[in-house]
Structure formats: structure tokens, C-alpha cells
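Numbering (the UniProt record's numbering), first residue to last: 1 to 224.
Using N, Cα and C, we set each Cβ at its ideal position, and we do this for glycine too.
In what follows, a single structure is set out as C-alpha cells and then discussed.
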Amino acid sequence: MDNSSCSDQYWPESGLSWAHNFPDSPSLLPSNSCDVYFPTWSQQFDEASASRSHSEAEKRRRDRINAQLSTLRKLIPKSEKMDKAGVLRSVVEHVKDLKGRAKEISNVLNTPSDIDEVIIEEEEDSSNSIVVKVSLCCDDRPELFSELNRGLKNLKLTTVEANITSLGGRIKCIFALQSINNSVCKIHSLKQSLRVLLARIATSPSTSNFRIKSKRQRFFLPPT
1 MDNSSCSDQY WPESGLSWAH NFPDSPSLLP SNSCDVYFPT WSQQFDEASA
51 SRSHSEAEKR RRDRINAQLS TLRKLIPKSE KMDKAGVLRS VVEHVKDLKG
101 RAKEISNVLN TPSDIDEVII EEEEDSSNSI VVKVSLCCDD RPELFSELNR
151 GLKNLKLTTV EANITSLGGR IKCIFALQSI NNSVCKIHSL KQSLRVLLAR
201 IATSPSTSNF RIKSKRQRFF LPPT
């Protein structure tokens with residue numbers, strides 16, 4: 001028997017022997033088998049570590065949110081039984097209410113706001129002369145009044161009343177200005193020139209050490 005194609009086995013106890021043929025090129029897997037991928041231990045460890053880091057980061061984020069909500073609850077009365085949405089809604093309403101109150105107080109006390117603002121209104125006094133009421137709110141600076149005086153003089157305006165308040169590097173000026181020429185055409189042109197003048201003054205760079213940077217600017221001129 002050819003030893004290359006078979007293998008003899010013999011059991012002395014039974015006196016039997018058998019032969020089994022093996023192929024010349026043995027193969028343990030069929031020809032149409034596919035490879036199976038098993039991740040290495042290091043890859044499994046990296047994936048588990050990344051998942052754990054994500055969970056920890058998410059927990060820290062929730063803790064920060066809960067801490068901020070706890071702070072907001074202390075600012076809102078009777079908020080112990082409110083859910084998160086209720087707390088946020090109450091905070092928004094409370095902030096709006098505070099802003100409204102601050103605006104009312106500012107209007108009464110003529111307190112400067114953090115908004116660069118120019119308002120021009122036209123009035124008529126008892127002598128039938130036209131008076132232009134001007135409100136200017138901007139950064140306070142040493143050269144402000146010299147610019148105002150020079151500009152008003154060029155426009156031939158006379159100041160009949162002034163109310164000026166300065167606070168925290170901001171200034172609010174309310175003037176009642178009277179023009180020599182009261183014709184309708186001249187008044188319309190005057191208000192346009194006055195608006196340009198005050199807008200330029202309000203947005204001029206400030207040299208004050210108490211300057212409050214404001215990103216919002218509003219200019220109002222009633223329609224004629």
C-alpha cells in the first residue's frame with residue numbers, strides 16, 4: 001500500500017486494523033468559505049474606553065445644566081415644583097419684566113442706557129415757533145459738548161432747554177432747540193441735517209476711561 005495516500009491504524013486488543021485515505025492536499029475549510037474577523041483585545045479596549053469617556057462627558061454636561069437650573073430656581077419665586085421648561089419660561093418672563101421696569105425708570109430719571117440712540121421730535125410752543133426736541137444717548141467723552149456746540153451753531157439753532165445726565169461712562173442729553181427760520185421746507189431739511197450731525201457724534205470714537213462698548217445703535221426720526 002502506498003504510504004502517501006493512506007494511513008494504517010492497528011489495535012492490539014481487537015486484532016483489527018483499518019486504513020483511511022487522506023487527500024494529497026488536505027484542506028480544513030471548503031473552497032467557498034469566507035474569512036471571519038475578530039477584533040483584537042486592544043481594539044476592544046479602545047472602543048470601551050471611548051464609550052466610557054463619552055458617557056462621562058455627557059454626565060458632566062447634565063450636571064452643569066442641572067447646576068445652572070438650580071441657580072435659576074433661586075431667582076424665581078415658587079419654582080420648587082416647576083419642571084425645567086417651566087423654570088426657563090419663568091426666567092424669560094422675569095427678565096422681560098425687569099427690562100420693562102428698567103426702561104420706565106430710565107425714562108423718568110433720564111438715565112443713560114447702553115444703547116447709542118438719537119431721537120428727534122418736532123413741537124410747537126405758545127409763540128407759534130417751531131421747537132425741535134432732541135435726545136442723544138452715547139459714550140461720554142471730553143470733546144462731546146464742543147462737537148455739539150459747533151454743530152448746533154452751524155445749523156443756526158438756539159438751545160432753549162437742556163437736561164443732561166452722565167452715569168458710568170454714558171451720557172444722555174435732552175435739548176429743546178429753536179430755529180431762526182421756521183418754514184416747513186427749512187424745518188424738514190434742518191431735522192435731516194440734525195439727525196446726521198447727532199448720529200455722527202453718537203458713533204464717534206470715545207476717549208473716556210469709562211467707555212461702555214455698545215453693539216446696538218438706534219436712530220429715530222418721525223415721518224414728516
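Only counting the same chain, and skipping five residues up and downstream in sequence, which positions put a Cβ closer than 8 Å to that of HIS94?
Counting from 1 along the sequence shown, the entry for residue 94 is found at position 94. Here the set comprises LEU75, ILE76.
Could you give the residue range of the beta strand (DSSP E) that holds ASN163?
As a position in the sequence shown, residue 163 is number 163, starting the count at 1. It spans 157-167 - the beta strand (DSSP E) in which ASN163 sits, taken as one unbroken run.
Contact check, ILE130 vs GLU122, beta carbons under 8 Å
The residue labelled residue 130 in the question sits at position 130 within the sequence shown. The residue labelled residue 122 in the question sits at position 122 within the sequence shown. Yes, Cβ-Cβ distance for ILE130 and GLU122 is below 8 Å.
Beta-carbon proximity of LEU194 to ILE119, cut-off 8 Å:
For this step, residue 194 is matched to residue 194 along the sequence shown. For this step, residue 119 is matched to residue 119 along the sequence shown. No, Cβ-Cβ distance for LEU194 and ILE119 is not below 8 Å.
CB-CB length for LEU157 against SER179, believed under 8 Å:
Counting from 1 along the sequence shown, the entry for residue 157 is found at position 157. Counting from 1 along the sequence shown, the entry for residue 179 is found at position 179. Correct: roughly 6 Å between the Cβ atoms.
Give me the Cα-Cα distance between ASN66 and ASN110, rounded to the nearest whole angstrom.
If you number the sequence shown from 1, residue 66 lands on position 66. If you number the sequence shown from 1, residue 110 lands on position 110. Distance between the alpha carbons of ASN66 and ASN110 is about 40 Å.
Cα-Cα separation, PHE145 to LYS133
Walking along the sequence shown from the start, residue 145 turns up at place 145. Walking along the sequence shown from the start, residue 133 turns up at place 133. Their Cα atoms are separated by approximately 17 Å.
For LEU72 and ARG89, what's the separation of their Cα atoms in angstroms?
For this step, residue 72 is matched to residue 72 along the sequence shown. For this step, residue 89 is matched to residue 89 along the sequence shown. Each residue's alpha carbon lies about 11 Å from the other.
How many Å lie between LYS59 and VAL92 at the Cα?
As a position in the sequence shown, residue 59 is number 59, starting the count at 1. As a position in the sequence shown, residue 92 is number 92, starting the count at 1. The alpha-carbon atoms of LYS59 and VAL92 are separated by roughly 26 Å.
By Cβ distance, which residues of its chain are closer than 6 Å to SER25, with the 5 residues on each side in sequence left out?
As a working note, residue 25 is residue 25 in the sequence shown. With a pLDDT of 49 at SER25, under the threshold of 50, the predicted position of this residue should be treated as unreliable, though the coordinate-derived value follows. Cβ within range, chain order: n/a, list empty.
Check each candidate in VAL108, ARG170, ILE201, ASN163 and name the one with the smallest Cα separation from LEU152.
The residue given as residue 152 occupies position 152 in the sequence shown. Of all alpha-carbon atoms in VAL108, ARG170, ILE201, ASN163, the one lying nearest the alpha-carbon of LEU152 is that of ILE201.
Less than 8 Å between the beta carbons of PHE175 and THR165, yes or no?
Taking the sequence shown and counting its residues from 1, one reaches residue 175 at position 175. Taking the sequence shown and counting its residues from 1, one reaches residue 165 at position 165. Contact flag unset, no.
Residues near SER135 by beta carbon distance below 6 Å, same chain, minus five either side
The count along the sequence shown starts at 1 and reaches residue 135 at position 135. Within the same chain, SER135 has close Cβ partners ILE119, ILE174.
Classify GLU121 as helix, strand or coil using the three-state DSSP reduction.
For this step, residue 121 is matched to residue 121 along the sequence shown. Strand, per DSSP.
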